[in-house]
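Here the structure is laid out as structure tokens; the discussion comes afterwards.
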Amino acid sequence: MNHDDMKALRAIFERCHIVISFNGPFSQTVIEELGEAIQRHLESQTQPRKRIADVFSVYIETTQNIRHYAETVGKDEADIARLNAGTVLIAREGEQYVVVSGNLVRREDIPALTSRLDAVIALDEAGLKAAYKDRLRTPLEDGASGAGLGFLQMARRASKPLSYSVSEGDEAYSFFNLTATI
Amino acid sequence: MVEHIKIVGTRSSPTVECNPETLVLHLAGDSYPENTFDFYKPITAWLEAVLDQDEDARVVTLNVELAYLNTGSIKSMMDMLDRLDEAHEDGRAVKVIWLCDSENERIIELAEELLEDVSLPYQIITD
Chain A
1 MNHDDMKALR
11 AIFERCHIVI
21 SFNGPFSQTV
31 IEELGEAIQR
41 HLESQTQPRK
51 RIADVFSVYI
61 ETTQNIRHYA
71 ETVGKDEADI
81 ARLNAGTVLI
91 AREGEQYVVV
101 SGNLVRREDI
111 PALTSRLDAV
121 IALDEAGLKA
131 AYKDRLRTPL
141 EDGASGAGLG
151 FLQMARRASK
161 PLSYSVSEGD
171 EAYSFFNLTA
181 TI
Chain B
183 MVEHIKIVGT
193 RSSPTVECNP
203 ETLVLHLAGD
213 SYPENTFDFY
223 KPITAWLEAV
233 LDQDEDARVV
243 TLNVELAYLN
253 TGSIKSMMDM
263 LDRLDEAHED
273 GRAVKVIWLC
283 DSENERIIEL
293 AEELLEDVSL
303 PYQIITD
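Listed in order, the protein sequences are those of chains A and B. For what it's worth, my numbering labels the leading residue of the first sequence as 1, then goes sequentially. For what it's worth, my numbering labels the leading residue of the second sequence as 183, then goes sequentially.
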């Protein structure tokens, strides 16, 4: 990395009003430390307690989703390592905050992922609550590491619909990007 | 005899006590452990064992002082509440007490949302 790269990186951080970011392998310790930093930062900005709780909740769901995905579908150590590395950032957007996460997803998993998200995005507040309650009462599949509630929870905490994008990675993986505004 | 479970809390996992003398299951702190379902497995098993003791007429109490739950913990909580509710419908004495910080709007909402669908006696206490 040279000085120009650093300058360019800094310019992106400033232009996008990024307040906290992380790029690399997620571990429970990283998730906890970063979560703590996010809460402290929002407190220092005298944000209402509810917004702090909502940003934290969305952040936890999105990062734990990535870890669960890597552990559930990863074929070998190298595959798990690639799937478990990601980017998460919190940025200021006017009066609100956005939580953005980016990670690699195996190409064959993209259709199921995007159709699940499209179904969540299509729901209004009442629909989200109904789907959430329905999911809460759905028995877990054997070996499930998540409750299948993460996207619904994120959507319920967000002030506008979740948005995502998928871009070409390589033969095996695509890059998946998810944004929630709070 | 059902075992006595004591788990010391961490930043992401709650302090837990399952007391077979008092039949109180107490959870306090934040709950977003790495493998949430593995964390709750022995706790739900304890509850199951206690509720299986049909001859015991004493009240089984779930005492909750959690400030934050990830969705895996919410699912585990719902499953415990459903199990307690089932026991209640079978005539077992059960109750749920959820203590919330009055400034923590989201936890009060969550407690209300989880408890509105069960018929067992409960109290949501805010302070």
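The beta-carbon is built from N, C-alpha and C at its ideal position, and this holds for glycine as well. Keep in mind the model is a prediction, meaning the values are calculated, not measured.
query	result
I182 of chain A: first and last residue of the uninterrupted beta strand (DSSP E) it sits in	No beta strand (DSSP E) contains I182 of chain A, which DSSP labels as neither H nor E.
DSSP three-state assignment for R106 of chain A, whether helix, strand or coil	strand
Cβ distance (whole Å) where V99 of chain A is taken to contact I182 of chain A below 8 angstroms	7 angstroms
Exposure label - I289 of chain B; buried when at least 16 CB within 10 Å	buried
Segment contact, 8 angstroms Cβ cut-off, at least three pairs: the region 231-243 of chain B with the region 268-286 of chain B	yes
Chain-ordered residues of the region 75-88 of chain A with a beta carbon less than 9 angstroms from chain B	none
Stretch-stretch touch, CB-based, cutoff 8 angstroms, three pairs: the region 129-142 of chain A with the region 86-93 of chain A	no
Proximity to G143 of chain A [Cα-Cα], best of A:R137, A:I38 and A:Y69	A:Y69
I38 of chain A, buried or exposed, once every other Cβ within 10 Å from all chains shown has been counted against 16	buried
Every unbroken alpha helix (DSSP H) within the region 19-79 of chain A, with a cutoff of 4 residues, ordered by chain	28-44 and 49-73
Listed by chain order, chain B residues near G150 of chain A by CB distance under 7 angstroms	T253
Same chain only: Cβ atoms within 6 angstroms of F22 of chain A, ignoring 5 sequence neighbours per side	L34 and V88
Status (buried if at least 16 other CB within 10 Å, exposed otherwise) for M262 of chain B	buried
DSSP beta-bridge partners of G86 of chain A	A:G24 and A:N103
Contact set between S101 of chain A and chain B, taken where Cβ atoms lie within less than 9 angstroms	By Cβ distance, chain B contributes nothing, its closest Cβ being about 15 angstroms from S101 of chain A, past 9 angstroms.
Distance, F219 of chain B Cα to C16 of chain A Cα	37 angstroms
Proximity test, Cβ basis, 9 angstroms: K223 of chain B and chain A	no
Any chain A beta carbon closer than 9 angstroms to N201 of chain B	no
Helix, strand or coil at Y164 of chain A [DSSP, three-state]	strand
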